Each structure stands twice: as structure tokens, then as C-alpha cells.
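First the structure, in the form of C-alpha cells, and then the observations on it.
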């Protein structure tokens, strides 16, 4: 089985918390990640939106674009608005041969609002979840028809956060909307990562290997503290520096034949946790557990053409 290792630039620049960002250029971010061993990088705010500009930067860094976040609003807004907003991203991602677009639901979400405690996260009724899942399925099918598959990101402080919410979403949605499994978000929400893999492995097409510091999460006052407060306190980290058993997680994915990207997405304070050092820690741990699980990790970055 083959796998690819990527990173998210959120370790260098945080789009929601400016104070958790380094004054690091895109080129330096890519160079640091590549030097640690990673061959892919998900899109962040300092990436150009023109493929004619992006491709030479990726080629110089020997890195491929391995995904990127789209802020979806289908829980409240119509299909047409979301299609219009995602179309330029589809065109860009096709031009640079990215594997998928990560769909993150921001409608009703409190993930970017530091004034909203975790306990006030939005919740959908069963009928609302059913209708929402059906819209996502249709939207995912449409994106795939345009040549770019989606990957649905369950997320803290959003409408699909907990394991029961994920189960309901998956039950009511169809194969047209694949799943991004994020170990850290599911663990933060109190879910069982291995059970989620058992239940939904057929739909997983992208994986975020985000680790958590449970000692931070367990001390949170969810009636008063927000998701961004948790991030600032250090709730997330890279594999090998947190509480999750990535040996077991990767082995479970391997048992079901998952092949594709494993992306380290670990937003932290870069002054306390230098991104290059953390990238090296994460890469070392992932190579250890992936080798043990029988994966061959691809070492080629920018495709030879």
C-alpha cells in the first residue's frame, strides 16, 4: 500500500488567530515542510490563486498541493451560491492536480468566534441533518462532475462535531460526499477514532493526522471557553507529541486498504512550538507507524513531467 505525507500551513500562519502566526513567506513554509520530509502542502492564505504563479513555486519547492479548505454554507444557503464560490477553487485545483477540496461547514458554526463557548455549538434536528446531508451529497456529486472531488471535514464547534453527529451525517448522505477523517477533531469531541474508521472507512478519501493534548482539553470550561481558546492553549499538536495512538489509527486504516494522503494539521503557537521542529517530530512518528503498518511512503514531491 502506498501513502503520501502532507502538511497544512496552519502551523506557520493561523487564519483565525493572527497571534498564532509566524512572519514566514510561502516559499519558506514550503521549504521547511519539505526539508522535514513532507511532499505535499494544503492551501493557505499566502498561496496565489493563479495556477501560472503557483505551479513554479510548488515546483521550486518540490511539493504538490494536497488539498485545501472551502468554507461551505449549505446548512443555511442554497446550492447556487456555494457553486459560484467554489468554482474558481475547482478550476485552480484541477490546474495544479490537487486530489480534493476539503469542505468545511461554516454555516451556524462558532469555530471562528472566540466569544462563543464550546457548549453553544450549533445542533441540527434529525430532519435538519437529513436535509443537510442530502444537499451535501448533491453538492459533492456536482463537484466531482466538474472534475474535483470533495472531502467532508467534521469539525469542532460546527454542525457535525460529535461522533453521533458524524454517524447521522454519514447515514443520511451518500457516496457522492466522501469523508475526511480528522483524528484530532473527533477525539476532542469525545469520539472513538478507531470506531469511526470501522464505521465509515468506505467513504474516507483524505485523512488529517492531527494529535491532541488531552490534558489541555480535559481542563477546558466548555461553558466559558471557545474553540479558539482551546487552540491558543495548545489543544492540538503533531503525531508523536500528543495523546493519540497513531500506531493503532494508521494500522486500522491500513487494514481497510486506505491509500492516499495523511496530512498533519496542527495549529499551535509557532513561538512555543517552532513549525520546522514540530514538522520533524510529526514526520518521524508517522514514518515509524506507517512503516509498521505496511505502507510505502512516497518520496516524490512535485511530479516529474
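Residue numbers (this note's numbering): 15 to 319.
Glycine included, every Cβ here is placed at the ideal spot set by N, Cα and C.
Since this is a predicted model, take the numbers as computed values, not measurements.
Task: Closer than 9 Å to chain B by CB, residue 102 - done: Here there is only one protein chain, and chain B is not present.
Task: Which listed residue (237, 227, 270, 239) has its alpha carbon closest to that of residue 254 - done: 227
Task: Per DSSP, cross-strand counterpart(s) of residue 17 - done: 274, 311
Open item on the list: For residue 303, report the span of its alpha helix (DSSP H) as first-last.
Closed with: 289-306
Open item on the list: In whole angstroms, give me the CA-to-CA distance for residue 112 and residue 94.
Closed with: 23 Å
- [ ] Starting from residue 167, follow its DSSP beta bridges and name the residues at the other end.
- [x] 118, 194
- [ ] Report the rounded CA-to-CA distance for residue 273 versus residue 17, giving the unit in angstroms.
- [x] 5 Å
- [ ] For residue 230, collect the residues of the same chain with a Cβ closer than 8 Å to its Cβ; drop the 5 residues on either side in sequence, then sort them by chain order.
- [x] 244, 247, 248, 249
Task: Coarse secondary structure for residue 39, derived from DSSP in three states - done: coil
Open item on the list: Please report the distance separating the alpha-carbon of residue 268 from that of residue 241.
Closed with: 31 Å
Open item on the list: By the DSSP assignment, the alpha helix (DSSP H) with residue 261 in it spans what residues?
Closed with: 260-269
TODO: Mind the definition here: the stretch 112-130 touches the stretch 162-177 only if three or more C-beta pairs lie below 8 Å; say whether that holds.
DONE: yes
Task: Reduced DSSP secondary structure (H/G/I, E/B, other) of residue 218 - done: strand
Open item on the list: Determine whether the beta carbon atoms of residue 43 and residue 58 lie at a separation below 9 Å.
Closed with: yes
Open item on the list: Quick check: residue 63 and residue 106, are their CB atoms within less than 9 Å of each other?
Closed with: yes
Task: Per-residue burial, residue 185 [other beta carbons within 10 Å of its own, 16 or more giving buried] - done: exposed
Task: the stretch 65-80 contacting the stretch 88-103, beta-carbon criterion three pairs below 8 Å - done: no
TODO: Indicate whether residue 5 and residue 264 have their beta-carbon atoms separated by less than 9 Å.
DONE: No statement about residue 5 is possible, as the shown extent of the chain runs from 15 to 319 and does not include it.
Open item on the list: I need the DSSP call for residue 154, collapsed to helix, strand or coil.
Closed with: helix
- [ ] Starting from the Cα of residue 148, find the closest Cα among 171, 176, 182, 128 and give me that residue.
- [x] 182
Task: Boundaries (first-last residue) of the alpha helix (DSSP H) holding residue 183 - done: 177-186
- [ ] Would you decide whether residue 219 is buried or exposed? Buried here means 16 or more other CB atoms lie within 10 Å of its CB.
- [x] buried
- [ ] Figure out for me which residue from 290, 169, 189, 157 has the closest Cα to the Cα of residue 126.
- [x] 169
TODO: On the DSSP bridge assignment, give the partners of residue 84 in chain order.
DONE: 117
Task: Straight-line gap, residue 161 to residue 233 (C-alpha atoms, nearest Å) - done: 44 Å
Task: Nearest-angstrom Cβ-Cβ length linking residue 23 and residue 56, presumed shorter than 8 Å - done: 7 Å
- [ ] Return the CA-CA distance between residue 180 and residue 311, expressed in angstroms with no decimal places.
- [x] 29 Å
TODO: Rounded to whole angstroms, what's the CA-CA distance from residue 145 to residue 190? Just pull it up for me.
DONE: 15 Å
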